[in-house]
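Counting from 1, position 305 in the sequence shown corresponds to residue 305 in full-length UniProt numbering; the numbering is continuous, with no gaps. Cβ coordinates follow ideal geometry from the N, Cα and C atoms, glycine included. Every value quoted in this text rests on a predicted model; they were computed, and no experiment measured them.
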Amino acid sequence: MPPFAVPVDLAPSPVPLPVLGADITVPVTGNRTVPYVNLDVAATAPCAVAAAEAVNQLLPSYASVHRGAGQLSARCTRAYEQARETMRRFLGCRPGDEVVFTRNTTDALNLVAHVLPADTVVVTFVGEHHANLLPWPRVVRLPLPSSPDEAVAAVDRALRRLGPALVTVTGAGNVTGELWPVADLAGVARRHGARVAVDAAQLAAHAPISLDALDVDYVAVSGHKLYAPFGAGVLAGRADWLDAAQPYLRGGGASAHVDSAGVASWATGAARHEGGTPNLIGAVALAAVGATLTPPRWEALAGREQALLAELRAGLAAVPGVRELRLFAPTHPRVGIVSFVVDGLDSAQVARRLAEEHGIGVRDGLFCAHPLTRHLLGTHGGAPRTAVRASLGAGTTGDHVARLVTAVRAIGAR
Numbered sequence: 001m002p003p004f005a006v007p008v009d010l011a012p013s014p015v016p017l018p019v020l021g022a023d024i025t026v027p028v029t030g031n032r033t034v035p036y037v038n039l040d041v042a043a044t045a046p047c048a049v050a051a052a053e054a055v056n057q058l059l060p061s062y063a064s065v066h067r068g069a070g071q072l073s074a075r076c077t078r079a080y081e082q083a084r085e086t087m088r089r090f091l092g093c094r095p096g097d098e099v100v101f102t103r104n105t106t107d108a109l110n111l112v113a114h115v116l117p118a119d120t121v122v123v124t125f126v127g128e129h130h131a132n133l134l135p136w137p138r139v140v141r142l143p144l145p146s147s148p149d150e151a152v153a154a155v156d157r158a159l160r161r162l163g164p165a166l167v168t169v170t171g172a173g174n175v176t177g178e179l180w181p182v183a184d185l186a187g188v189a190r191r192h193g194a195r196v197a198v199d200a201a202q203l204a205a206h207a208p209i210s211l212d213a214l215d216v217d218y219v220a221v222s223g224h225k226l227y228a229p230f231g232a233g234v235l236a237g238r239a240d241w242l243d244a245a246q247p248y249l250r251g252g253g254a255s256a257h258v259d260s261a262g263v264a265s266w267a268t269g270a271a272r273h274e275g276g277t278p279n280l281i282g283a284v285a286l287a288a289v290g291a292t293l294t295p296p297r298w299e300a301l302a303g304r305e306q307a308l309l310a311e312l313r314a315g316l317a318a319v320p321g322v323r324e325l326r327l328f329a330p331t332h333p334r335v336g337i338v339s340f341v342v343d344g345l346d347s348a349q350v351a352r353r354l355a356e357e358h359g360i361g362v363r364d365g366l367f368c369a370h371p372l373t374r375h376l377l378g379t380h381g382g383a384p385r386t387a388v389r390a391s392l393g394a395g396t397t398g399d400h401v402a403r404l405v406t407a408v409r410a411i412g413a414r
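Written out as structure tokens, the structure reads:
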């Protein structure tokens with residue numbers, strides 16, 4: 001094993017995307033130890049075996065990228081650029097699209113805000129994750145729709161009265177998991193000459209994404225939600241806005257030449273917005289997952305997840321006092337995310353008891369989507385202040401779902 005490497009179990013697995021941590025146990029009340037159930041995957045996914053293996057293989061050769069003349073530096077530079085090409089294929093980029101490595105989705109969307117032309121207005125919905133709600137300097141925030149058709153109609157109306165515009169929308173909601181009509185919104189945007197950016201932080205871990213097939217202009221993803229927890233994300237999309245803007249971070253790497261007066265000419269391509277030494281480990285880990293998620297694996301993951309999601313929703317619906325949060329119809333397609341409240345119980349208390357008494361990790365709160373979550377919780381005086389979110393991933397099993405439903409039933413009955 002390479003020095004400083006993390007041990008990785010490479011035994012055959014029936015899971016379409018094997019992840020680390022499946023055998024972790026945690027202490028719970030009653031002086032017991034139980035297998036941990038990770039149902040907080042929407043916040044941060046566990047590390048894929050493929051990502052850990054790629055990092056382990058690279059660590060002994062770790063060196064500078066784009067900066068050294070030595071063999072290890074050349075090897076790392078090749079690995080970094082190969083990772084870029086892998087992500088280009090993974091995201092279905094068109095010829096001429098740029099792939100910029102970022103820290104995460106928030107960073108990627110702030111990069112879009114940075115390169116936004118001065119005459120362009122952003123159109124989004126008030127229910128977006130804060131990463132897609134707060135960065136925009138000139139923005140029209142549309143009310144929450146009650147259906148996908150209403151969302152498309154609202155964007156159509158807004159674009160009719162605007163000039164140059166960028167429509168920004170989530171691919172899959174981080175509170176409800178509901179899929180948004182990205183392709184339909186892109187069609188409306190095209191009719192009005194607008195561009196489209198997709199916050200794919202949640203969607204990318206559950207379904208293939210293609211800029212070309214969706215006919216969108218920009219896609220932002222996070223590695224830590226895509227089973228590659230080493231601090232990298234990606235903004236992929238059209239090069240013209242990126243090329244025309246000043247660098248996102250000014251410094252080494254972003255500069256092509258600096259004269260004696262300190263006046264810089266800037267690099268072209270992705271380097272223009274990747275100032276400083278890049279996150280090689282993060283890029284390689286993310287690309288390893290992208291290369292692993294072949295069409296057969298996607299199909300297996302999706303089928304497995306949807307079966308588990310159906311079990312989870314049906315199980316929670318049968319627990320007295322449990323209410324699921326949703327924006328669209330109950331049958332609307334979604335990824336493996338369910339947020340809920342338990343009548344009469346504070347959600348923070350429910351989440352704490354799930355962890356302390358049952359060894360189940362979930363999230364409670366407003367999920368960095370405060371306007372949406374408060375709307376779904378209700379505004380009346382007795383409305384819950386926060387919700388519990390359970391989210392499924394590549395390592396989730398039927399036993400995990402059953403343990404959560406049983407635990408929620410027990411907590412609600414006391």
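Can you tell me which of the options puts its alpha carbon nearest to the alpha carbon of residue i?
i, options, result
"Ala-285", "Ser-61, Gly-223, Pro-137 and Leu-144", "Gly-223"
"Ala-131", "Glu-178, His-370, Arg-363 and Ser-255", "His-370"
"Arg-372", "Val-37, Arg-141, Ala-52 and Thr-77", "In the sequence on display, residue 372 carries Leu and not Arg. Of Val-37, Arg-141, Ala-52 and Thr-77, the residue nearest in Cα terms is Arg-141."
"Gly-262", "Ala-48, Gly-269 and Arg-250", "Arg-250"
"His-114", "Gln-246, Val-289 and Arg-297", "Gln-246"
"Thr-29", "Glu-357, Thr-124 and Ala-387", "Glu-357"
"Trp-180", "Leu-20, Phe-328, Leu-226 and Asp-97", "Phe-328"
"Phe-340", "Pro-333, His-332, Asp-364 and Arg-353", "Asp-364"
"Ala-153", "His-400, Leu-134, Leu-39 and Phe-125", "Phe-125"
"Ala-228", "Ala-410, Val-26, Ala-50 and Leu-39", "Ala-50"
"Thr-102", "Pro-330, Gly-315, Ala-271 and Pro-16", "Ala-271"
"Gln-57", "Val-41, Leu-316 and Ala-79", "Ala-79"
"Ala-355", "Lys-225, Ile-411, Pro-278 and Leu-72", "Ile-411"
"Pro-148", "Thr-331, Val-221 and Gly-336", "Thr-331"
"Ala-151", "Ser-255, Gly-171, Trp-136 and Leu-134", "Gly-171"
"Cys-47", "Lys-225, Glu-81, Leu-134 and Tyr-218", "Lys-225"
"Val-221", "Ser-61, Trp-266, Pro-384 and Val-234", "Val-234"
"His-111", "Arg-191, His-273, Cys-368 and Ser-146", "Sequence check: residue 111 is Leu here, not His. Of the listed residues, the one whose Cα sits closest to Leu-111 is His-273."
Which same chain residues, not among the five before or five after residue i, have their C-beta less than 6 Å away from its C-beta?
i, result
"Met-1", "Because Met-1 carries a pLDDT of 31, less than 50, the predicted location of this residue cannot be relied on, and no value is offered for it."
"Ala-83", "Ala-283, Val-284 and Ala-287"
"Arg-88", "Val-99"
"Cys-76", "Ala-63, Val-65 and Leu-280"
"residue 416", "In the structure displayed, the chain extends from 1 to 414; residue 416 sits before or after that span and is not available."
"Trp-241", "Val-115"
"Gly-398", "none"
"Phe-90", "Gly-290"
"Thr-25", "Thr-33 and Pro-35"
"Trp-298", "Pro-208"
"Val-408", "Val-319"
"Glu-311", "Val-401"
"Ala-183", "Leu-214"
"Val-196", "Val-167, Ala-186, Ala-189, Val-216 and Asp-217"
Which whole-angstrom value describes the C-beta separation of residue i and residue j, a residue pair presumed to lie in contact below a C-beta threshold of 8 Å?
i, j, result
"Val-198", "Val-216", "5 Å"
"Leu-325", "Thr-176", "6 Å"
"Ala-194", "Val-167", "6 Å"
"Val-121", "Leu-185", "Contact flag wrong, Cβ pair sits at about 16 Å."
"Pro-16", "Ala-307", "Between Ala-307 and Pro-16 the Cβ distance is about 13 Å, and since that is not below 8 Å, they are no contact."
"Val-41", "Leu-293", "Not quite, the Cβ-Cβ distance comes to about 15 Å (not below 8 Å), so this is no contact."
"Ala-205", "Ala-45", "6 Å"
"Arg-403", "Val-37", "6 Å"
"Gly-92", "Leu-211", "5 Å"
Would you list the residues sitting across from residue i in a DSSP beta bridge?
i, result
"Ser-265", "His-257"
"Val-34", "Val-26"
"Tyr-248", "According to DSSP, which records beta bridges pairwise, Tyr-248 is partnered with nothing at all."
"Gly-233", "Thr-102 and Ser-222"
"Ala-48", "Val-19"
"Phe-328", "Paired residue(s): none; Phe-328 is not in a bridge."
"Val-121", "Ala-165"
"Arg-334", "Glu-178"
"Val-65", "Answer by DSSP bridge pairing: none, since Val-65 is not bridged."
"residue 461", "Given a span of 1 to 414 for the chain in the structure shown, any question on residue 461 remains unanswerable."
Residues in the same chain with beta-carbon distance under 8 Å from residue i, minus the five sequence neighbours each way, listed in chain order, please.
i, result
"Gly-96", "Arg-238 and Ala-239"
"Leu-366", "Thr-373, Arg-374, Thr-386 and Ala-387"
"Ala-244", "Val-115 and Pro-117"
"Ala-74", "Gly-68"
"Glu-178", "Ala-172, Arg-326, Leu-327, Phe-328, His-332, Pro-333 and Arg-334"
If you drop the 5 nearest sequence neighbours on each side, which residues of the same chain put their C-beta closer than 7 Å to that of residue i?
i, result
"Asn-31", "none"
"Gly-269", "Glu-98"
"Gly-276", "Leu-249, Gly-251, Gly-252 and Gly-253"
"Pro-12", "The predicted position of Pro-12 is uncertain, since its pLDDT is 38 and thus under 50; a value taken from the coordinates is nonetheless stated next. Once the five neighbours on either side are set aside, Pro-12 has no close Cβ partner at all."
"Gly-303", "none"
"Thr-106", "Ala-131"
Could you tell me whether the Cβ of residue i comes closer than 8 Å to any Cβ of chain D?
i, result
"Arg-78", "The question asks about chain D, but that chain is absent: this structure has only one protein chain."
Quiz item: At which residue ranges does the stretch 339-410 contain complete alpha helix (DSSP H) runs of 4 or more residues, listed in the order of the chain?
Solution: 347-358 and 370-377
Exercise. Taking only runs that begin and end inside the stretch 137-210, name each unbroken beta strand (DSSP E) of 3 or more residues, in chain order.
Key: 139-142, 165-170 and 195-199
Quiz prompt | Any beta strand (DSSP E) of 3 or more consecutive residues that is wholly inside the stretch 69-115 | solution = Runs of the beta strand (DSSP E) inside the stretch 69-115: 98-102.
Quiz item: What are the uninterrupted segments assigned as alpha helix (DSSP H) that are 4 or more residues long and contained completely in the stretch 266-315, given in chain order?
Solution: 280-292
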